[in-house]
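Note that numbering that gives the first Met the number 0 numbers the sequence shown so that position 457 is 456, with each residue one more than the last.
Each residue gets a CB set at the ideal place from its N, CA and C atoms; glycine is no exception.
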Amino acid sequence: MDRARPARSAGRPRSVLALLTAALLAVPGVTALSSAAVAADADLVRNGGFESGLDNWSCTAGKTVGSPVHGGSAALQATPAGSDNAQCAQTVTVQPDAQYTLSGYVRGSYVYLGASGTGTTDVSTWTQSAPDWQKLTTTFTTGAATTKVTLYTHGWYGTGAYYADDVSLVGPGGGTAQPPAPPTGLKAGTVTSSSVALSWSAVTGATGYAVYRDGVKTQTVSGTSATVSGLAAATAYSFQVTAANDAGESAKSAAVTATTSAGTGGGSPGLPAHALVGYLHTTFANGSGYTRLADVPDSWDVIDLAFGEPTSVTSGDIRFNRCPVTECPNVESDADFKAAIKAKQAAGKKVLISIGGQNGQVQLTTAAARDTFVSSVSKIIDDYGLDGLDIDFEGHSLSLDTNDTDFRNPTTPVIVNLISALKTLKAKYGAAFVLTMAPETFFVQNGYQFYGTGKWGGQDPRCGAYLPVIHALRDDLTLLHVQDYNSGPIMGLDNQYHSMGGADFHVAMTDMLLTGFPVAGDPNNVFPPLRPDQVAIGMPASTNAGNGYVSPAEVTRTLDCLTKRTNCGSYTPHGTWPALRGLMTWSVNWDRYANWEFQKNFDAYFG
């Protein structure tokens, strides 16, 4: 940038200036101050123009766009939502006791640019309204021991999207200027039906490593080994690793391939390759009418008896009270009901008790409630000779305590006690025990953006609260069928919000389960993918059954895209999963009311 030249002083002889300059340059060790300052300063922001997408940035909600841009061909677009201000941040290496100038160009309402961790006074600047690109600038001096500073930009809650571009931090460089070299020596070690162990050689100057599966980053580690889990049996995978330091991430290593073993189909006892799962209203009647268990067509492979409910929210005492004759005039007797269960099982079907539902809040706040849950659920399973258990905890059954931030190591009592109870039941009944879960999207996929109350508090503590339960039980879990209905917009792995009503929503939500995702946007805290045979897609059977109904044509598009990677819409999944287990619906009763539309479409697709 050119600077205006100052007018020459008329009161100082030119010879004096020349002599002074010459004298300074003649003194050993003394150089021109202006040239030294220019040489020392550098722009320390990596990918400040967002030309490489969101590389080097950590964003709670953001993407790159081609228009509008300030410079180059890309800019950041981030949209605050709910309790999230759509912050994008980057940590850079700096020198202690040094002065820095932070600047960037922004558009939108209430856009902030700032720096934290300066060691002195953290700074920020903002604009209330920038209908066109506006430059924001602020300066700070680092503390005596400061070597890293976090730069950030964010918007304000509920004010719409903002844009940022050409962010820079000018000042003395902090040391490492180049990413490390790519790792070498990558090799596969122990291989199981669901995991592959990897190792590689250490890279000089690396502070961490990222593992890629089929081109998608799945986890980051600090050492030179990792185990990639959640894989499908008898499937070939390609792995690569990168090395990283403060300057960024290296290129990917040479790829190594490994094929998981065939296994025994663990977690899916006795199910067909593609299964149809449905909930049967057995304790209540509604507009769909009561359907006898014996009248459920053979197409239904897993039948969830809805619902077992607690005597009180925190008792853990679950009761299964079948619909009374006064409410369900055509209800069968207990003897006929038990006979129908045996007949379904003889035909290869699984009949489960589903716990919870909309009205059945269950909070296992104490060890006593946990033990009561185990004994009361066991009694129902034994009395009716059932194949297993479905967990359909909704509402306020699961939420995370304020300091519970790691889904791998939960500390919240209702979470820890539920995990313990389910593991106890699985151990009691053995490998043939069928365990399924039917959480809402808010408790699972919403964890990509938010987890619990969040780093700064204020978020709904139920955000992502099912993730620690799913993760702890992933080796025992037969099926996860998230309710892709009665849901608000959810951000997918493309950092776009997806809403109910079409195939794209189901594809995006299912892709997250099968690809894995960083929890609350933290690349060091990745929820690993589930096996495709563990996943079914939850959909309403008809327009009467719930919000989010899609036509049979959209159901077919969903299955085509996920199992064949054809017929996809605007969302492209990260893989192809022909072993996807199938579909779940609420409910068998509502599908009967709609002339079995959902079932017939499933049968036509999978034969």
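Given this structure, state the Cα-to-Cα distance separating residue i from residue j, to the nearest angstrom.
i, j, result
"VAL169", "ALA114", "13 Å"
"SER332", "GLY286", "22 Å"
"ALA196", "ILE469", "22 Å"
"THR509", "PHE442", "14 Å"
"GLY277", "LYS337", "18 Å"
"ALA85", "TRP155", "8 Å"
"ASP493", "SER237", "22 Å"
"THR183", "TYR151", "34 Å"
"GLN98", "ALA250", "32 Å"
"LEU270", "LEU478", "10 Å"
"THR30", "THR219", "Its pLDDT being 39, under 50, THR30 is placed unreliably by the model, and nothing is read from it."
"ALA578", "TRP125", "50 Å"
"SER398", "PRO460", "5 Å"
"GLY229", "ASP475", "12 Å"
"TYR109", "CYS58", "17 Å"
"CYS322", "ASP559", "39 Å"
"TYR383", "GLY288", "23 Å"
"VAL587", "LYS343", "15 Å"
"ASP400", "LEU529", "25 Å"
"ALA367", "ALA242", "48 Å"
"MET583", "ILE390", "14 Å"
"ALA233", "ALA430", "20 Å"
"TRP595", "ASP386", "25 Å"
"GLY71", "ALA77", "18 Å"
"THR411", "LEU421", "16 Å"
"VAL324", "VAL330", "6 Å"
"THR661", "SER102", "Residue 661 lies beyond the residue range present for the chain, which begins at 0 and ends at 606; the question has no answer from this structure."
"GLY606", "ALA272", "11 Å"
Per DSSP, residue i is paired with what?
i, result
"MET499", "The partner list for MET499 (beta bridge, DSSP) is empty, contrary to what the question assumes."
"ILE536", "LEU582"
"LYS427", "According to DSSP, which records beta bridges pairwise, LYS427 is partnered with nothing at all."
"ALA41", "GLY170"
"GLY61", "GLY61 is not bridged to any residue."
"TRP155", "In DSSP, TRP155 forms no bridge with anything."
"MET490", "TYR496"
"THR145", "DSSP lists no partner for THR145."
"ARG564", "ARG564 pairs with nothing; no bridge assigned."
"ARG318", "GLU308"
"GLY269", "The partner list for GLY269 (beta bridge, DSSP) is empty, contrary to what the question assumes."
"ALA88", "SER57 and TYR151"
"TYR548", "Partner(s): none; TYR548 has no beta bridge."
"GLN76", "LYS62 and TYR162"
"ALA436", "For the record, residue 436 in the displayed sequence is Met; it is not Ala. MET436 pairs with ILE390 and LEU479."
"PRO517", "VAL525"
"TYR278", "ASP303"
"LYS134", "TYR104"
"VAL122", "ALA114"
How would you call residue i, buried or exposed, if buried means at least 16 neighbouring beta carbons within 10 angstroms?
i, result
"VAL37", "In this prediction, VAL37 scores a pLDDT of 41, lower than 50, which makes its location untrustworthy; the coordinate-derived value is nonetheless stated afterwards. Burial call: exposed."
"ARG407", "exposed"
"TRP455", "exposed"
"SER550", "exposed"
"ALA129", "buried"
"GLU248", "buried"
"GLN239", "buried"
"GLN127", "exposed"
"LEU23", "Confidence is the limiting factor: at LEU23 the pLDDT is only 38, short of 50, which leaves the residue's position unreliable, though a coordinate-based value still follows. Result: exposed."
"LYS349", "buried"
"ASN55", "buried"
"SER541", "buried"
"SER34", "Note that SER34 has pLDDT 37, beneath the 50 cutoff, so the model's placement of it is unreliable and no number is given."
"ASN320", "exposed"
"VAL215", "exposed"
"GLN608", "Outside the modelled stretch of the chain, which goes from 0 to 606, sits residue 608, for which no answer is possible."
"ALA257", "buried"
"GLY347", "exposed"
Shorter than 7 Å from the beta carbon of residue i to some beta carbon of chain D?
i, result
"LEU230", "Considering every chain present, this structure includes no chain D. It has just one protein chain."
For my contact list, residue i and residue j are in at a C-beta cut-off of 8 Å; report their separation, rounded to the angstrom.
i, j, result
"LEU292", "ALA339", "4 Å"
"ILE380", "PHE306", "The Cβ separation is near 14 Å, so there is no contact."
"ALA88", "THR149", "5 Å"
"LEU388", "LEU434", "6 Å"
"TYR570", "ASP503", "5 Å"
Extract the residue ranges of the beta strand (DSSP E) inside the stretch 338 to 390, only unbroken runs of 3 or more that lie entirely within it. Whole beta strand (DSSP E) segments, 3+ residues: 349 to 355.
Sequence ranges, beta strand (DSSP E) only - wholly within the stretch 172 to 258, length at least 3: If one requires a minimum length of 3 residues, the beta strand (DSSP E) runs lying completely within the stretch 172 to 258 are 186 to 190, 195 to 198, 207 to 212, 215 to 220, 224 to 227, 235 to 244 and 255 to 258, in chain order.
Of all the beta strand (DSSP E) runs that stay within the bounds of the stretch 387 to 423, which reach a length of 3 or more residues? List check, beta strand (DSSP E) in window: 387 to 391.
Where are the alpha helix (DSSP H) runs, 4 residues long or more, that stay fully inside the stretch 451 to 480, in chain order? DSSP runs (the alpha helix (DSSP H)) wholly in the stretch 451 to 480: 466 to 471.
So within the stretch 96 to 120, which uninterrupted beta strand (DSSP E) runs reach at least 3 residues, ignoring any that extend past its ends? Fully contained in the stretch 96 to 120 are the following beta strand (DSSP E) runs of length 3 or more, in chain order: 98 to 115.
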